[in-house]
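So the structure is just underneath, and the comments pick up after that.
Number of protein chains: 2
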Amino acid sequence: MATGRTHRPATRSRGIPEATVARLPLYLRALTALSERSVPTVSSEELAAAAGVNSAKLRKDFSYLGSYGTRGVGYDVEYLVYQISRELGLTQDWPVVIVGIGNLGAALANYGGFASRGFRVAALIDADPAMAGKPVAGMPVQHTDDLEKIISDNGVSIGVIATPAGAAQQVCDRLVAAGVTSILNFAPTVLTVPDGVDVRKVDLSIELQILAFHEQRKAGEESAADDGDGAAEPAVTKAQHRKGPDGDVPAVMPA
Amino acid sequence: MATGRTHRPATRSRGIPEATVARLPLYLRALTALSERSVPTVSSEELAAAAGVNSAKLRKDFSYLGSYGTRGVGYDVEYLVYQISRELGLTQDWPVVIVGIGNLGAALANYGGFASRGFRVAALIDADPAMAGKPVAGMPVQHTDDLEKIISDNGVSIGVIATPAGAAQQVCDRLVAAGVTSILNFAPTVLTVPDGVDVRKVDLSIELQILAFHEQRKAGEESAADDGDGAAEPAVTKAQHRKGPDGDVPAVMPA
DNA sequence: GACTGTGAAGACTTTCACAGCA
DNA sequence: TGCTGTGAAAGTCTTCACAGTC
Chain P
1 MATGRTHRPA TRSRGIPEAT VARLPLYLRA LTALSERSVP TVSSEELAAA
51 AGVNSAKLRK DFSYLGSYGT RGVGYDVEYL VYQISRELGL TQDWPVVIVG
101 IGNLGAALAN YGGFASRGFR VAALIDADPA MAGKPVAGMP VQHTDDLEKI
151 ISDNGVSIGV IATPAGAAQQ VCDRLVAAGV TSILNFAPTV LTVPDGVDVR
201 KVDLSIELQI LAFHEQRKAG EESAADDGDG AAEPAVTKAQ HRKGPDGDVP
251 AVMPA
Chain G
1 MATGRTHRPA TRSRGIPEAT VARLPLYLRA LTALSERSVP TVSSEELAAA
51 AGVNSAKLRK DFSYLGSYGT RGVGYDVEYL VYQISRELGL TQDWPVVIVG
101 IGNLGAALAN YGGFASRGFR VAALIDADPA MAGKPVAGMP VQHTDDLEKI
151 ISDNGVSIGV IATPAGAAQQ VCDRLVAAGV TSILNFAPTV LTVPDGVDVR
201 KVDLSIELQI LAFHEQRKAG EESAADDGDG AAEPAVTKAQ HRKGPDGDVP
251 AVMPA
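Line by line, the protein sequences are chains P and G. Numbering-wise, the first sequence is residues 1 to 255 according to full-length UniProt numbering. Numbering-wise, the second sequence is residues 1 to 255 according to full-length UniProt numbering.
Below, the structure written as structure tokens:
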């Protein structure tokens with residue numbers, strides 16, 4: 001099974017597990033805060049607490065990077081900040097473009113967290129001619145027509161898509177064709193990309209839906225004190241339901 | 001993907017794995033699109049493609065909900081929309097408050113994806129007195145002083161935090177004290193909450209950092225064609241590095 | 001014949017618990 | 001003594017592959 005992988009092949013991360021990679025930014029944030037308070041060293045226990053994970057996990061994560069701690073003492077804060085930054089590729093400058101300057105795109109353009117982590121917003125792009133030239137976050141919005149030129153002139157390899165869902169795939173295709181190989185997608189749609197291009201998505205409503213799921217559980221559990229198969233509601237219960245083409249089930253949702 | 005929850009052992013989700021729950025909104029979105037095109041049934045293969053997962057995973061996921069398909073045919077779109085909505089708790093109305101009406105908070109307030117999924121923005125709250133009364137997304141911003149009253153008057157159990165990092169924990173504490181049991185956190189900080197409260201976080205810069213990590217790998221791999229232990233760079237390689245209190249390593253990062 | 005539902009295998013992730021070093 | 005680094009165990013998630021059903 002050489003190349004023909006379906007979609008997300010875990011991207012051969014030179015031994016560092018994906019789950020660990022996803023936590024490195026968390027550690028980095030906690031470490032940066034310590035660094036700003038001039039704390040010289042930190043134990044796995046303390047750092048784990050600051051990052052919101054447990055210490056065994058943190059130590060295991062760090063063990064994939066190397067042996068950067070000192071037994072009996074802990075980790076040198078500055079040194080670890082450097083190592084993690086390097087591992088994440090943050091010691092270099094990453095120009096990014098944001099496409100789709102609506103409410104969300106504008107908020108992203110104004111978001112300080114990017115610049116402070118080695119990301120530089122190289123351009124803001126929107127399809128609306130009326131937006132062109134208007135300043136957002138101190139930077140003139142450019143028109144989609146120039147997308148390809150902007151990408152190549154600035155050597156951009158990371159693109160952020162904040163367009164409506166309908167436009168996202170098209171924008172994505174153009175970004176990829178122009179040389180972008182990493183995409184952060186805020187549009188509520190699935191993007192199809194060729195092999196070698198990474199996509200990460202952030203969907204605001206999905207997060208709320210997951211919360212709602214657990215919230216519903218909590219409410220249900222209040223009544224059923226025992227931990228059984230708490231089928232508190234008279235609703236359809238698991239496998240036993242057989243659907244009919246009609247039945248008592250509402251056929252449509254509140255769209 | 002942004003995960004949440006401070007620690008807690010998987011919140012007793014009545015058998016449905018957390019990973020499955022996290023994908024239900026994805027399926028729901030794909031199904032809703034099919035429904036709008038009046039597609040009556042769909043196979044696991046088709047739906048999986050539309051949701052960006054593979055079909056085995058999708059079938060396994062659905063098997064946790066019940067036997068809702070028909071062998072040889074596929075799934076009834078409307079029926080599945082209903083079942084998933086119910087499972088996620090979207091057949092009821094969830095009032096939410098957004099605290100922190102800066103760029104991001106305002107973007108969230110304007111975001112259409114909430115309302116269409118059973119979430120109703122009940123109030124916008126900000127600490128800045130100058131914001132109070134100003135309309136955002138057709139709704140007057142209210143002052144933090146009234147937070148507790150707003151929560152209880154509206155029966156809010158889900159809160160969205162979009163404040164600066166420094167204010168987030170305090171806002172969180174007040175939300176929780178007022179009765180909120182689910183929190184979606186956009187502030188780049190770890191929130192501490194009591195047992196029984198769920199937190200999910202979305203951190204924009206973390207997603208970019210993960211992309212940067214993979215981006216850096218891609219750049220590195222270009223040189224090393226063979227798939228060996230591609231230690232292409234002359235940099236520190238795994239466990240063999242021994243740190244000194246100085247050495248050739250820069251001690252400080254570009255903050 | 002087509003497609004779902006699911007045990008079983010495999011991969012990945014977390015946690016435990018302790019040896020080993022400063 | 002105090003704390004890291006890590007094998008091994010436990011737990012979770014994904015994938016396979018095929019029996020079962022329409």
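The C-beta atom is built at its ideal place from N, Cα and C for all residues, glycine as well. This structure is a prediction, so every number in the text was calculated from the model and none was measured.
Three-state class that DSSP yields for residue i in the structure shown
i	result
G:Arg29	helix
P:Ala123	strand
G:Glu233	Because the pLDDT of G:Glu233 is 32, which lies under 50, any placement of that residue in the model is unreliable, and the number read from its coordinates should be weighed accordingly. Coil, per DSSP.
G:Leu184	strand
P:Asp93	coil
G:Arg59	helix
G:Ala167	helix
G:Asp76	strand
P:Arg200	strand
G:Val141	strand
P:Ile16	coil
P:Val42	strand
G:Gly69	strand
P:Gly113	helix
P:Arg174	helix
G:Asp226	Note that G:Asp226 scores a pLDDT of 37, beneath 50, so its modelled location is shaky; the value from the coordinates is reported in the next line. Three-state DSSP puts G:Asp226 in coil, outside helix and strand.
G:Ala130	coil
P:Leu191	coil
G:Asn54	coil
P:Gly220	helix
G:Val21	helix
Residue of the options minimising C-alpha distance to residue i
i	options	result
P:Phe71	P:Gly155, P:Thr32, P:Val42 and P:Ala132	The residue you asked about is not Phe; residue 71 of chain P is Arg in the sequence shown. Of the listed residues, the one whose Cα sits closest to P:Arg71 is P:Val42.
G:Gly166	G:Gly113, G:Leu147 and G:Gly100	G:Gly100
P:Pro135	P:Leu65, P:Asn110 and P:Val180	P:Asn110
G:Glu207	P:Gly15, P:Gly66, P:Leu90 and P:Gly74	P:Leu90
P:Phe114	P:Val96, P:Leu104, P:Cys172 and P:Asp126	P:Val96
P:Ala187	P:Asp195, P:Thr163 and P:Ile98	P:Thr163
P:Val160	P:Arg86, P:Met139, P:Asp126 and P:Ser67	P:Asp126
P:Leu31	P:Lys60, P:Ile84, P:Val197 and P:Asn154	P:Ile84
G:Pro17	G:Gly133, G:Tyr64 and G:Asp76	G:Tyr64
G:Gly196	P:Ser205, P:Glu215 and P:Ile98	P:Glu215
P:Ala168	P:Val190, P:Ala56, P:Ser152 and P:Leu204	P:Val190
P:Ile98	P:Leu204, P:Ser205, P:Tyr68 and P:Ser157	P:Ser157
G:Gly105	P:Leu204, P:Ile210 and P:Phe213	P:Leu204
Separation of residue j from residue i, as counted between CA atoms
i	j	result
P:Ser44	P:Leu58	7 angstroms
P:Arg217	G:Ala178	20 angstroms
P:Ser116	P:Asp93	11 angstroms
G:Arg174	G:Asn54	42 angstroms
G:Val202	G:Arg37	32 angstroms
G:Gly15	P:Arg200	28 angstroms
P:Val176	P:Thr144	14 angstroms
residue 309 of chain G	P:Thr181	With chain G covering 1 to 255 only, the question about residue 309 of chain G has no answer from this structure.
P:Ile183	P:Leu47	30 angstroms
G:Val81	G:Asp128	41 angstroms
G:Val141	G:Gly118	21 angstroms
residue 256 of chain G	G:Ala107	Since the first and last residues shown for chain G are 1 and 255, residue 256 of chain G lies out of range.
P:Arg62	G:Cys172	Note on identity: in this sequence residue 62 of chain P is Phe, with Arg being the wrong assignment. Computed Cα separation, rounded: 30 angstroms.
P:Asp76	P:Gly112	27 angstroms
P:Tyr27	P:Gly66	15 angstroms
P:Leu150	P:Ala130	Note that residue 150 of chain P corresponds to Ile in the displayed sequence, not to Leu. Each residue's alpha carbon lies about 19 angstroms from the other.
G:Thr192	P:Gly52	8 angstroms
P:Ala50	P:Ser35	13 angstroms
G:Gly230	P:Pro194	Confidence at G:Gly230 is low in this model, with a pLDDT of 32, below 50, so its placement is unreliable and the value that follows should be read with caution. C-alpha separation (whole angstroms): 23 angstroms.
P:Ala33	G:Arg23	34 angstroms
P:Glu87	P:Lys60	16 angstroms
G:Ala212	P:Val21	11 angstroms
P:Gly102	P:Glu148	21 angstroms
Assigned exposure category for residue i - 16 Cβ within 10 Å defines buried
i	result
G:Pro25	buried
P:Val121	buried
P:Gln170	exposed
G:Val73	exposed
G:Ala19	exposed
residue 256 of chain P	For chain P, the structure presents residues 1 to 255; residue 256 of chain P sits outside this window and is missing.
P:Gly133	exposed
G:Gly69	buried
P:Asp146	exposed
Beta-ladder partner(s) of residue i, from DSSP
i	result
P:Val136	P:Met139
P:Ile161	P:Val99 and P:Asn185
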